[in-house]
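Structure first, then comments.
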Amino acid sequence: MFGLQIRFLSFFFGIISILSFFNIIYSYYLNLYLNLNTYYYSLIVSLIISILFYKIKITKKKILIFDKILTVFLGYLIIPLILSIPFYFSIYNLTFINSYFEAISGFTSTGFSIFENIKHVDQSLILWRSSSQWIGGLYFLFSIILLIDIYDENFKKTLTNFISFDSAEIFKQTIKIFLLYSVLTLIIFIILNIFSIRAFNSLNLAFTLISSGGFLPVNDLSNIIKQNSQIIVLSLLMLTSFFSIFFSYNLTFFKNKNVNFFYEDLHLIIYLIFIVSIFFLFFSFNSDFSINLLSITSSISNIGFSLKSNNENLTFIFLILVIIGGSFFSTSSGLRFIKIYSLFKYSINQILSFSRPKNIFMNKLLFTKINFDFNEINKYFLTILIFIISFFILISLLTLSGIEFEKSFKLAILTLMNTVNSSIYGLAEFDFNNLHFMTKYTLIFFMIIGRIELLTILVLIKKFLLKN
């Protein structure tokens, strides 16, 4: 019964072997031999695992949601093990926990780093860090599809416009999403090059932006982004991980489709315009608006990049934007705006129904004919409840490990929302390298929880309890 899911993982190990091969070619081309052998190790190991997993016989039995959850969770544990090989065997003498921490941080598109000075890191290893985010973003999109029965039935209906959930069509759907994801990465890379950003930096940023990651190829973003036009372009490109990955597809093939076809993106556009307008009117007197725009798009897309500015007073607002997040089918994390909006509207309708019992209040979203039912509202409420529980557990653990409460508060949000620590959150100088190993394992676990949600873990626990 587990064969199909194992093949799901084999695809990603195959991609790791391809990325390892590219790193080998890149190292030879630029005479970067310091960490060359490490990519041979990752190439051989990932290729062997990919072939072994692919050879496992596919079952024809119905796939249970329990098996899907276990597969996704297993992937988040073992794929970073392969990604950590170049870190562990590099010339920088990283311990296993530091190597695994860096790999998990990249694969979950979080961006926490144990490297204190990126300038001293080999270019090929910098590229490997960025690649780990890229494959992690792709894995996240596939895990959403695999676990969509848990997350949301309404979005499943919407996604059938683009992809099939028939198990017989899985390979075709895999290729379809992979190509779209790759094309968007290439477009971002080309646009960054057009605006005079060095090719190496453009490639790393393209891997980061499409995956909603947090790794930079330099110590500070200001070393790459210097002109106002570059700030604006980077801000707009960050929105690729805020909107649905199919948003560009919708715009390109909009003919003969009504607005209901991509209603979530329309809600997100209104939300974005509202946030940008508020900042423009009330928070741009003492700073350049383009810097605020970068901070806004960086926060709502859960990337977290920032340029140094006097935005300390807005830290809490940016953290709220991080928690809200972006589109359901995007590489961003967060609770998702459409879920919060649906829950808010449903709650208001319930309150009004008691005050005006003769009136009928429709639980229907703007721009769509879809009515969200009570079961979906329960899921949205449970998502928020689980986030609050996870948040307080993580704050407690971080505080007990010796981190002061304010930093623990911010770090807990950024960890669960898979967002990098930067100056707009007041954590730019946070030292991950010297954390206690138990604290690092705690952050590793909750970075994964941020990607799959605690709800999936509860389903696994329930399954095991019922078995016993």
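Residues 1 to 468 in the numbering used here are what the sequence shown lists, from first letter to last. Idealized CB from N, CA, C, for every residue including glycine. If you're wondering where the values come from, they're calculated on a predicted model, not measured in any experiment.
Under 8 Å between C-beta atoms of residue i and residue j
i, j, result
"residue 113", "residue 133", "no"
"residue 303", "residue 214", "yes"
"residue 283", "residue 314", "yes"
"residue 178", "residue 138", "yes"
"residue 301", "residue 326", "yes"
"residue 144", "residue 329", "yes"
"residue 147", "residue 68", "yes"
"residue 306", "residue 424", "yes"
"residue 390", "residue 449", "yes"
"residue 346", "residue 377", "yes"
"residue 434", "residue 428", "no"
"residue 81", "residue 100", "yes"
"residue 17", "residue 43", "yes"
"residue 49", "residue 21", "no"
Residue i versus the options, residue with shortest Cα-Cα distance
i, options, result
"residue 265", "9, 241, 211 and 25", "241"
"residue 35", "79, 44, 410 and 90", "90"
"residue 333", "120, 453, 47 and 100", "453"
"residue 212", "228, 437 and 235", "235"
"residue 395", "233, 82, 408 and 17", "408"
"residue 87", "350, 48 and 41", "41"
"residue 288", "308, 247 and 221", "308"
"residue 98", "437, 451 and 230", "437"
"residue 440", "406, 401 and 353", "401"
"residue 208", "222, 130 and 356", "130"
Own chain residues within Cβ distance below 7 Å of residue i, not counting five before or after
i, result
"residue 117", "219"
"residue 11", "174"
"residue 23", "39, 124, 127 and 128"
"residue 447", "104, 105, 108, 110, 415 and 418"
"residue 239", "297 and 301"
"residue 32", "122, 123 and 124"
Contact belief for residue i with residue j at Cβ below 8 Å, rounded distance in angstroms
i, j, result
"residue 413", "residue 323", "6 Å"
"residue 245", "residue 141", "6 Å"
"residue 321", "residue 299", "4 Å"
"residue 383", "residue 335", "6 Å"
"residue 318", "residue 268", "That belief does not hold up - the Cβ atoms of residue 318 and residue 268 are roughly 18 Å apart, past 8 Å."
"residue 187", "residue 233", "Between residue 233 and residue 187 the Cβ distance is about 12 Å, and since that is not below 8 Å, they are no contact."
"residue 45", "residue 79", "Incorrect: roughly 11 Å between the Cβ atoms, too far for contact."
Residue i in three-state terms, based on DSSP
i, result
"residue 420", "coil"
"residue 114", "coil"
"residue 129", "helix"
"residue 7", "helix"
"residue 227", "coil"
"residue 18", "helix"
"residue 451", "helix"
"residue 297", "helix"
"residue 119", "helix"
"residue 80", "helix"
"residue 482", "Since the first residue shown for the chain is 1 and the last is 468, residue 482 is missing from the structure and cannot be characterised."
"residue 41", "helix"
"residue 376", "helix"
"residue 217", "coil"
"residue 135", "helix"
"residue 429", "coil"
"residue 404", "coil"
"residue 12", "helix"
"residue 303", "coil"
Sequence-distant residues of its chain with Cβ nearer than 8 Å to residue i (five each side left out)
i, result
"residue 381", "343"
"residue 210", "134, 137, 181, 184, 185, 188, 240, 241 and 331"
"residue 15", "135 and 138"
Residues of its chain near residue i, where Cβ-Cβ distance is below 6 Å and the 5 sequence neighbours each way are ignored
i, result
"residue 217", "126, 201 and 204"
"residue 9", "53 and 75"
"residue 339", "380"
"residue 230", "195"
"residue 102", "87 and 114"
Any non-hydrogen atom of the ligand NAD within 7 Å of residue i CB
i, result
"residue 391", "The ligand NAD is not among the ligands present in this structure, which contains no ligands whatsoever."
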